[in-house]
Structures are given as C-alpha cells and as structure tokens.
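Straight run, no breaks: the sequence shown in UniProt numbering ends on number 76.
Structure first, then comments.
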Amino acid sequence: ANHANTKILFDTADALNCSYLRDHEVNIFNLNNVLAAVNAFIEKVDYLYVTIDLDVFAAAVAPGVSAPAVKGIDLA
1 ANHANTKILF DTADALNCSY LRDHEVNIFN LNNVLAAVNA FIEKVDYLYV
51 TIDLDVFAAA VAPGVSAPAV KGIDLA
C-alpha cells in the first residue's frame with residue numbers, strides 16, 4: 001500500500017528490478033494478472049517459501065499482531 005510504505009522503498013525495489021503488486025491491484029477483478037505475475041515469479045525459482053504478514057490487516061481484523069496497520073488492507 002502506498003500509505004504504508006516509503007518512496008525510497010519503492011525506488012529501491014525498482015532499482016533492484018524487483019517485481020511487486022500493490023494491494024489495490026490484488027483483487028478478483030484483476031485475478032488473471034495476479035495469477036500471471038505469481039506464476040511468472042514461481043517459474044524462476046526452485047523453491048518457494050511463503051509467509052503471510054498479518055500486520056497488513058487493520059487492528060480490528062487482527063488485534064493480536066504486534067504492529068497492526070492503522071488502515072489495513074481492504075477486505076472487501
């Protein structure tokens with residue numbers, strides 16, 4: 001999310017040629033593009049380790065995490 005990350009973080013990711021999707025891009029209406037991006041990434045690696053950072057959710061959704069986002073991702 002733009003509000004939860006700094007410009008330098010995005011600039012560094014771009015400089016390092018990292019690929020990423022922003023939260024507003026990951027939704028049911030953009031599912032084909034999301035799956036294509038995920039599959040393109042998976043094809044480049046031998047192993048995949050997946051973690052889910054619960055801090056992206058608002059405190060009302062995940063009250064037990066150590067640093068919940070103020071606004072959190074949209075769950076709609």
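Every residue, glycine too, gets a C-beta built ideally from N, C-alpha and C.
| Asked | Found |
| --- | --- |
| For the structure I just gave you, are there three or more beta carbon pairs, one from the region 60-70 and one from the region 28-48, closer than 8 Å? | no |
| Locate the alpha helix (DSSP H) running through residue 45, then write down its first and last residues. | No alpha helix (DSSP H) contains residue 45, which DSSP labels as neither H nor E. |
| By how many angstroms is the C-alpha of residue 22 removed from the C-alpha of residue 90? | There is no way to answer for residue 90, as the model of the chain reaches only from 1 to 76. |
| Taking residue 52 as the reference, which of 28, 40, 8 and 73 has the closest Cα? | 73 |
| Is the distance from the Cβ of residue 38 to the Cβ of residue 26 below 7 Å? | no |
| Report the rounded CA-to-CA distance for residue 42 versus residue 5, giving the unit in angstroms. | 25 Å |
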